[in-house]
Amino acid sequence: MPNTLIKILLVIGLLGASSSFSAGAADCQGDDCISEQKLYLSWALGYGQRSNPLHGGKRLELVLLPEIYYYSKYWFFDNGRIGSSYALSDTSQLSIIGQFNQEKGYFQQWFSGNLLQFEANALTMPQFGSAADRQAPFQVAVSDVTKRPTAYDIGVQLDTVKQGLMWQFSYWTDVSRQHHGQYASAGVRRGWQNTYGKWQLSAHLHWKSAQLIDTYYGLTALEVPPGQEYQGRDSWQAELRLNWNKPLTERLSLLVFLRYLQLDSAMTDSPLVRTDNVTTWFGGVSYRFF
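Every number in our numbering is 11 more than the matching position in the sequence shown, counting from 1.
Put into C-alpha cells, the structure is as follows:
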C-alpha cells in the first residue's frame with residue numbers, strides 16, 4: 012500500500028505541473044457545458060472488460076455503454092445517481108446524492124448498478140503489469156456463499172476548483188440498512204486538450220468501513236468450515252483513471268478509458284478474493300442523440 016500511495020502522490024504532482032498545458036480547463040467550453048433542464052443521451056459502441064477479483068467471479072464484458080444525465084434547477088440525474096446541488100461560490104459546489112452501492116457488481120454480473128457506472132467522460136489509467144493471483148490457505152468461490160445484498164447509499168459531495176485542478180471529496184452511508192457501513196473518497200483530476208483530442212487524468216483514494224467490507228467479503232460459519240471464518244476490516248483503496256475523447260463530428264466521437272483500482276489486505280485477506288486489483292478498459296465510438 013505505501014508504494015501505491017506514492018504513485019498517487021506522484022500523479023497529483025504531475026497533474027499540478029501540467030497546468031501550463033490546460034489553461035482555463037476548469038472553464039466550461041462548447042460541448043462540455045451542461046444546460047439546465049435538458050436531457051442528454053449518448054451510447055458508446057465498442058469493446059472492453061472489467062476484471063473480477065473474486066474466485067469464480069465473471070469478468071464484465073463491455074460492449075454497449077449508455078450515458079444519461081439531466082440537470083434541472085433543483086435536482087439532477089447523472090448516470091444512475093440522483094441528487095441536488097448548492098453552489099457555495101463560483102468555484103465550489105456541495106451536493107447530496109443517492110446511488111446503488113457498487114460492491115454487489117462483483118457477485119452478480121447483471122446487477123443494475125453495473126450498467127451505468129462507466130462514464131465516457133470520466134475514465135481511468137491502470138497500472139500495467141501482470142496481476143499475480145493471491146495464494147490463500149483456502150479459497151471460496153462466489154457460488155459457495157450466500158447472496159450479497161443490494162444496498163442504496165446517500166452521500167455528501169464537495170467539488171471545488173483550485174488552480175485548474177478539480178478536487179472532489181465525498182462521504183457515503185447506507186440508508187437501506189443492508190451493509191450498515193460507510194465509505195469516503197478524495198480525488199483530484201485534470202483535463203486538457205491538444206491536437207490529439209481531449210484528455211482527463213485523475214487519482215482517487217477510497218476508504219471503506221469494516222461493516223461494508225464484512226458484508227460483501229466477510230465469511231461466516233454458515234458459509235465456511237469452523238475456524239475459517241473471515242471478518243472484514245477498514246479498507247484503503249487507491250485508483251488511477253485516464254480518459255481520452257476525440258470528436259469526429261458534433262455528435263460522433265472516438266473514446267478510450269482505462270482504470271486501475273488497487274485493493275489492500277483488508278480485501279485480499281478474504282478467501283473470496285483472488286487478486287489485488289481491478290482493471291477496466293474500453294474503446295469505441297460514442298454517438299450523442301441529444
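All C-beta atoms in this analysis are idealised placements derived from N, C-alpha and C, irrespective of residue type, glycine included.
Computed from a predicted structure; not experimentally measured.
Three-state secondary structure (DSSP) of residue i
i	result
Val199	strand
Val289	strand
Gly116	helix
Leu223	helix
Ala232	coil
Ala277	helix
Asp185	strand
Ser154	helix
Trp86	coil
Phe111	strand
Tyr298	strand
Phe149	coil
Ser213	strand
Lys69	coil
Gly208	strand
Gln248	strand
Assigned exposure category for residue i - 16 Cβ within 10 Å defines buried
i	result
Ala152	exposed
Leu76	buried
Trp183	buried
Gly202	buried
Gly41	Residue placement at Gly41 cannot be trusted, given a pLDDT of 45 that sits under 50; what the coordinates show is reported in the next sentence. By the neighbour-count rule (16 or more Cβ atoms within 10 Å), Gly41 is not buried but exposed.
Gly91	buried
Tyr117	buried
Lys115	buried
Gln273	buried
Contact set for residue i: own chain, Cβ-Cβ below 8 Å, skip 5 residues either direction
i	result
Leu216	Leu16, Ile19, Ser196, Ala197, Gly198, Trp247, Gln248, Ala249 and Glu250
Same chain, Cβ closer than 6 Å to residue i, neighbours up to 5 away in sequence not counted
i	result
Ser62	Arg70, Val289 and Thr290
Trp178	Thr171 and Val199
Pro189	Reading off the sequence, residue 189 comes out as Gln, not Pro. Pro160 and Ala162.
Thr226	His190
Ser103	Thr171
Pro258	Ser264
Residues near residue i by beta carbon distance below 7 Å, same chain, minus five either side
i	result
Leu52	Ile79, Phe300 and Phe301
Nearest-angstrom Cβ-Cβ length linking residue i and residue j, presumed shorter than 8 Å
i	j	result
Leu223	Gly192	3 Å
Arg270	Arg252	5 Å
Ser154	Gly67	5 Å
Arg262	Tyr298	6 Å
Tyr194	Ser220	6 Å
Thr157	Glu234	6 Å
Gly294	Gly59	6 Å
| said: If contact is defined by three or more beta carbon pairs under 8 Å, each pair taking one atom from either stretch, is the segment 53 to 60 in contact with the segment 102 to 115? | reply: no
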